[in-house]
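A quick write-up on the structure given underneath.
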């Protein structure tokens, strides 16, 4: 098979920015999960038990050491009275201006 071509290894600045943005979004989602859990005064152990997930896994997710699959995230949210939702993206300011001027 051989080594991958260099162009397959080097990421463009746009790809790096996109990955950074996705990582930031994931961290923000997890931060909101932690806030929701704490607002309900529930421990990681209790949420884990109710979700069928061991406490260590809950801790790893909350500390961004483990990236949860969507079904795991949904299971974590249910015991604290939350679920996932889909919301529209904010358009960059320059796109908003273009639409206004059209």
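Numbering (our numbering), first residue to last: 99 to 200.
Glycine residues also receive a C-beta, built at the ideal position from the N, C-alpha and C atoms.
In this text, all values refer to a predicted model and were calculated from it rather than measured experimentally.
* To do: Classify residue 179 as helix, strand or coil using the three-state DSSP reduction.
  => Here residue 179 is taken as the residue at index 81 of the chain shown, counted from 1. Residue state, collapsed to three classes: coil.
* Asked: Would DSSP call residue 139 helix, strand or coil?
  -> Counted from its first residue, the chain shown places residue 139 at position 41. The answer is coil: DSSP assigns residue 139 none of H, G, I, E or B.
* Can you tell me which of 163, 136, 109 and 171 puts its alpha carbon nearest to the alpha carbon of residue 150? => Sequence index remark: in the chain shown, residue 150 carries index 52 (1-based). Selected option, being the one with the closest Cα: 171.
* Asked: From what residue to what residue does the alpha helix (DSSP H) around residue 110 run?
  -> Here the question's residue 110 lines up with position 12 in the chain shown. No alpha helix (DSSP H) contains residue 110, which DSSP labels as neither H nor E.
* **Segment limits, alpha helix (DSSP H) that includes residue 158** => Residue numbering aside, residue 158 sits at position 60 when the chain shown is read from its first letter. Run containing residue 158: 153-160, per the alpha helix (DSSP H) assignment.
* Neighbour-count burial assignment, residue 127, 16 or more Cβ in a 10 Å radius -> In the chain shown, counting from the first residue as 1, residue 127 sits at position 29. Residue 127 counts as exposed, since fewer than 16 other C-beta atoms from the protein chains shown sit within 10 angstroms of its C-beta.
* Asked: Since residue 145 and residue 135 are thought to touch, with beta carbons under 8 Å apart, how far apart are those beta carbons, to the nearest angstrom?
  -> Translated into positions along the chain shown, residue 145 becomes position 47. Translated into positions along the chain shown, residue 135 becomes position 37. That pair is a contact at about 6 Å.
* So residue 142 and residue 153 are in contact, right, with Cβ under 8 Å, and what is the actual spacing, rounded? -> To locate residue 142, count along the chain shown from 1; it is residue 44. To locate residue 153, count along the chain shown from 1; it is residue 55. That pair is a contact at about 5 Å.
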